[in-house]
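What follows is a single structure, written as structure tokens, with notes after it.
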Amino acid sequence: MNTSIVWFRKDLRLKDNPALFHSARSGPILPVYIWDETLPEQEEGASRWWLHESLLSLARSLSSTGSPLVFARGSTKEVLVHFAKRSNAQKIVWNELTEPWAKTFDLSLKKELLSTGLKVETYPPDLLSDPESMMGKNGPYRVFGQFWKRLRPALDPSAPFPAPERIFPPEFSVISEYLPEWGWNPSRPDWAKEMREKWIPGEEQAHMTLNTFLDERLQSYEKNRDRLDHEGYSMLSPFLHAGEITSRQIVRATLDKMHEHPGWQNDGEKFLSELGWREFSRYLLIHFPKMISEPFQPKFSSFPWKDNPEALLAWKSGKTGYPVIDATMRQLWAIGYIPNRSRMISASFLTKDLLISWKEGARWFRETLVDHDLANNTVSWQWVSGMGVDAAPYFRIYNPVLQGERYDPEGIAIRKWIPEIKGLPNQWIHRPWEAPEPLLKRAGIILGKTYPAPIVDHSYARQEALALFGALGGKGQKPELMA
DNA sequence: AATCACGTTGCTCCT
DNA sequence: CAGGAGCAACGTGAT
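First residue of the first sequence? That's 1 in the UniProt record's numbering, and the numbers climb one at a time after it.
This is the structure in structure tokens:
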């Protein structure tokens with residue numbers, strides 16, 4: 001029999017999985033997941049919790065096909081070779097990743113496997129375009145608009161691969177580790193409690209989420225995606241990160257839906273362009289891997305970031321005294337997810353108001369987001385801090401009060417996540433420090449005690465940021481505002 | 001070849 | 001109150 005090992009990575013699904021689809025046709029399959037601690041950029045924190053749940057879900061699906069998922073820890077190469085011997089498999093099959101480190105890793109792994117006499121078959125990662133052929137006149141695109149102008153008209157993915165009709169187990173089975181023993185499901189302390197209530201990771205739920213979104217929310221996506229008071233966005237990002245669904249599947253379904261409902265054109269285009277940003281982020285990391293650790297615009301590499309542990313802690317724990325920031329950061333900690341608008345506001349606050357490095361922010365998001373994704377996180381943090389692509393102007397500094405009032409006018413998100421100020425009327429809910437004393441008293445609020453006073457004055461912090469950024473980004477002739 | 005318009009998501013101040 | 005200038009200046013692709 002022609003047995004294959006299918007090595008699962010960030011592709012925890014049965015549908016639209018080229019490695020699985022093709023190998024299932026050629027013979028029995030041993031599905032394997034390996035936790036290799038020597039690899040860089042592995043999931044941690046909230047996204048590891050998601051990964052844990054997602055793997056359980058995949059394991060259930062595969063068990064029902066008759067060929068259970070096998071878990072192992074250790075060196076990828078050694079595990080694969082060992083399992084191949086035990087199961088009498090001749091071939092290792094996988095889908096590639098887009099992370100910059102993976103290309104070299106896969107290449108040397110492939111060489112090593114071939115040298116032991118095994119066959120290797122790899123399939124492209126979940127991308128909408130070929131990064132090598134997407135080129136402008138002077139090399140890779142650095143502006144989203146140009147990138148998208150080129151890619152958008154070419155978007156027409158063919159129907160995704162179906163799940164394999166049948167998966168046969170290998171003739172000789174192997175011994176699997178027991179996933180719950182890996183300790184990825186937190187208990188003491190159990191910081192994932194609210195995540196368990198909020199999310200159901202897994203391929204089935206990914207498609208239910210997509211369908212609900214397309215049926216109920218796509219038609220008002222452009223208007224509602226930025227709202228903080230209700231969920232007008234797709235919530236697909238964690239499923240995408242684990243590979244429970246592919247961007248190709250989402251694009252295909254969205255295009256079909258837009259065709260069905262011509263009136264949803266603008267909303268559909270907006271949504272597609274968000275997937276475009278996901279694609280662009282991957283594209284950028286492939287061509288400019290240095291931006292994982294360095295500003296895309298080198299002129300900012302000497303920016304005088306502040307080392308301010310107290311302010312950083314206040315930001316992380318939702319105690320800055322700015323309700324929209326605090327609600328955002330508490331939501332992030334509780335359910336591992338905040339919408340795009342919240343990410344921008346809180347990222348702007350950290351980098352422009354507190355003048356703390358985007359890398360600190362990116363590190364925190366990496367630990368706390370269930371959808372944490374190296375490319376999206378890196379590119380977006382740099383964009384907000386004004387050091388990334390698209391000549392995003394550094395003077396675009398978000399005002400946390402105005403943003404709150406605009407996108408959560410009735411303070412619904414504020415009252416949900418900051419109950420200690422829920423008694424404030426809407427007029428003051430985003431600026432408690434300006435509320436008249438009697439009102440504060442009636443609402444049971446003592447600023448600085450029951451809820452923090454603002455840790456910085458936004459308009460002052462803004463002036464300081466403009467001066468510091470201007471000194472590097474501009475002509476260097478800005479007047480000094482700081483004594 | 002040189003020039004030009006334009007660029008995901010803002011804010012403040014001035015008239 | 002609305003509306004507009006200003007905040008800087010570079011890659012991209014069209015002319």
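All C-beta atoms, glycine included, are put in the ideal place defined by N, C-alpha and C.
In three-state DSSP terms, what is Glu165?
Here the question's residue 165 lines up with position 165 in the first sequence. Residue state, collapsed to three classes: coil.
To test your reading of the DSSP string, which unbroken beta strand (DSSP E) runs of 3 or more residues are found completely within the region 366-428?
none
Report the start-end ranges of each alpha helix (DSSP H) in the region 234-276 that is 4 residues or longer and not cut off at the edges.
237-242 and 247-260
N- and C-terminal bounds of the alpha helix (DSSP H) containing Lys449:
Numbered from its first residue, the first sequence carries residue 449 at position 449. Neither: Lys449 is in no alpha helix (DSSP H) and is coded neither H nor E.
Straight-line Cα distance separating Trp182 from Thr76
What you label residue 76 is simply residue 76 of the first sequence in a count that begins at 1. What you label residue 182 is simply residue 182 of the first sequence in a count that begins at 1. Distance between the alpha carbons of Thr76 and Trp182 is about 17 Å.
Expressed to the nearest angstrom, what Euclidean distance is found between the alpha-carbon atoms of Lys252 and Pro131?
Within the first sequence, numbered from 1, the residue matching residue 252 stands at position 252. Within the first sequence, numbered from 1, the residue matching residue 131 stands at position 131. First, the amino acid is wrong: residue 252 is Arg here, not Lys. Their Cα atoms are separated by approximately 20 Å.
Do the region 313-332 and the region 447-457 meet, that is, are 3 or more Cβ pairs less than 8 Å apart?
yes
Length of the line joining the Cα atoms of Val70 and Arg48
As a first step, residue 70 must be located in the first sequence, where it is residue number 70. As a first step, residue 48 must be located in the first sequence, where it is residue number 48. The straight-line gap from Cα to Cα measures roughly 18 Å.
Status (buried if at least 16 other CB within 10 Å, exposed otherwise) for Arg152
Along the first sequence, one-based indexing puts residue 152 at 152. Flag for Arg152 reads exposed.
Closest by C-alpha distance to Tyr394, when choosing among Gly336, Glu367, His261 and Phe469
Residue 394 sits at position 394 when you count from the first residue of the first sequence. The shortest Cα separation from Tyr394 among Gly336, Glu367, His261 and Phe469 belongs to Phe469.
Is the distance from the Cβ of Pro186 to the Cβ of Trp50 below 8 Å?
What you label residue 186 is simply residue 186 of the first sequence in a count that begins at 1. What you label residue 50 is simply residue 50 of the first sequence in a count that begins at 1. Contact: no.
Going by C-alpha to C-alpha distance, which of Arg150, Ser61 and Ala471 sits closest to Lys15?
On the first sequence, residue 15 is found 15 positions in, with the first residue counted as 1. For Lys15, the nearest C-alpha among the options comes from Ser61.
Are the region 223-236 and the region 205-212 touching by the rule of at least three beta carbon pairs closer than 8 Å?
yes
Please state whether DSSP places Ala314 in a helix, a strand or coil.
Position 314 of the first sequence, counted from the first residue, corresponds to residue 314. Reduced to three states, the DSSP call for Ala314 is helix.
Quick one: residues in its chain with C-beta nearer than 8 Å to the C-beta of Thr378, no 5 flanking neighbours on either side, listed in chain order?
Position 378 of the first sequence, counting from 1, holds the residue named residue 378. The residues are Ser281, Leu285, Met291, Ile292 and Ala362.
Inter-residue Cα distance where the pair is Val370 and Arg196
Counted from its first residue, the first sequence places residue 370 at position 370. Counted from its first residue, the first sequence places residue 196 at position 196. Distance between the alpha carbons of Val370 and Arg196 is about 11 Å.
DSSP puts Pro31 in a beta bridge; with which residues?
By one-based count along the first sequence, residue 31 stands at place 31. For Pro31, which the question treats as bridged, DSSP gives the partners Val6.
Measuring straight from C-alpha to C-alpha, what distance separates Phe144 and Ser385?
One-based indexing of the first sequence puts residue 144 at position 144. One-based indexing of the first sequence puts residue 385 at position 385. When rounded, the distance between both Cα atoms is 17 Å.
The region 94-101 / the region 116-132 touching (three or more Cβ pairs under 8 Å)
For the pair of segments examined, the region 94-101 was found to touch the region 116-132: the number of CB pairs separated by less than 8 Å reaches three.
Do Leu218 and Trp264 have their CB atoms nearer than 8 Å?
As a first step, residue 218 must be located in the first sequence, where it is residue number 218. As a first step, residue 264 must be located in the first sequence, where it is residue number 264. Going by C-beta atoms, Leu218 is nearer than 8 Å to Trp264.
Using a Cβ-Cβ cutoff of less than 7 Å, which residues in the same chain neighbour Ser57 once the five nearest sequence positions on both sides are dropped?
Residue numbering aside, residue 57 sits at position 57 when the first sequence is read from its first letter. Closer than 7 Å at Cβ, skipping near neighbours: Pro201, Gly202 and Glu203.
Taking just the CA atoms, how far does Trp383 sit from Leu481?
Against the first sequence, residue 481 aligns to sequence position 481. Against the first sequence, residue 383 aligns to sequence position 383. With a pLDDT of only 27 at Leu481, under the threshold of 50, the placement of this residue in the model should not be trusted; the figure read from the coordinates follows. So the two alpha carbons sit approximately 25 Å from each other.
With Tyr123 as the anchor, note down where its beta strand (DSSP E) starts and where it stops.
Along the first sequence, read from residue 1 onward, the residue named residue 123 stands at position 123. Per DSSP, Tyr123 belongs to the beta strand (DSSP E) from Lys119 to Tyr123.
Taking DSSP as the reference, what is the three-state secondary structure of Val174?
Residue numbering aside, residue 174 sits at position 174 when the first sequence is read from its first letter. Coil, per DSSP.
How is Arg188 classed by DSSP in three states: helix, strand or coil?
Your numbering for residue 188 matches position 188 in the first sequence. Coil, per DSSP.
C-alpha distance - Asp11 paired with Glu165, whole-angstrom precision
As a first step, residue 11 is located in the first sequence; it is residue number 11 there, counting from the start. As a first step, residue 165 is located in the first sequence; it is residue number 165 there, counting from the start. Their backbone Cα atoms lie some 18 Å apart in a straight line.
DSSP three-state call for Trp199: helix, strand or coil?
Taking the first sequence and counting its residues from 1, one reaches residue 199 at position 199. Three-state DSSP puts Trp199 in coil, outside helix and strand.
Whether or not the region 332-348 and the region 294-302 are in contact is what I'm after, with contact meaning three or more pairs of Cβ atoms, one per stretch, closer than 8 Å; do they touch?
no
Would Tyr407 and Arg227 be called neighbours here (beta carbons separated by less than 8 Å)?
Taking the first sequence and counting its residues from 1, one reaches residue 407 at position 407. Taking the first sequence and counting its residues from 1, one reaches residue 227 at position 227. Cβ atoms of Tyr407 and Arg227: closer than 8 Å.
Figure out for me which residue from Gly388, Asn426 and Pro419 has the closest Cα to the Cα of Pro409.
Mapped onto the first sequence, residue 409 falls at position 409. Checking every option, the nearest Cα to that of Pro409 belongs to Asn426.
Do Trp305 and Ser357 have their beta-carbon atoms positioned less than 8 Å apart in this structure?
Here residue 357 refers to the residue found at position 357 when the first sequence is read from its first residue. Here residue 305 refers to the residue found at position 305 when the first sequence is read from its first residue. Result yes, Cβ atoms of Ser357 and Trp305 sit closer than 8 Å.
Beta-bridge pairing of Lys91 - partner residues as DSSP gives them
The sequence position of residue 91 within the first sequence is 91, counting from 1. DSSP, once it has assigned bridges, lists Ser4 and Lys119 as partnering Lys91.
Closest to Pro157 by CA distance: which of Trp381, Arg248, Phe168 and Gly276 is it?
As a first step, residue 157 is located in the first sequence; it is residue number 157 there, counting from the start. Nearest option by C-alpha distance: Arg248.
Between the C-alpha atoms of Glu464 and Ile446, what's the straight-line distance to the nearest angstrom?
Here residue 464 refers to the residue found at position 464 of the first sequence. Here residue 446 refers to the residue found at position 446 of the first sequence. Cα to Cα, Glu464 sits roughly 29 Å from Ile446.
Over what stretch of residues does the alpha helix (DSSP H) that includes residue 486 continue unbroken?
In this structure the chain extends from 1 to 483, so residue 486 is not present and cannot be described.
Assigned exposure category for Glu37 - 16 Cβ within 10 Å defines buried
Taking the first residue of the first sequence as 1, we reach residue 37 at position 37. Counting Cβ neighbours within 10 Å, Glu37 comes out exposed, since fewer than 16 surround it.
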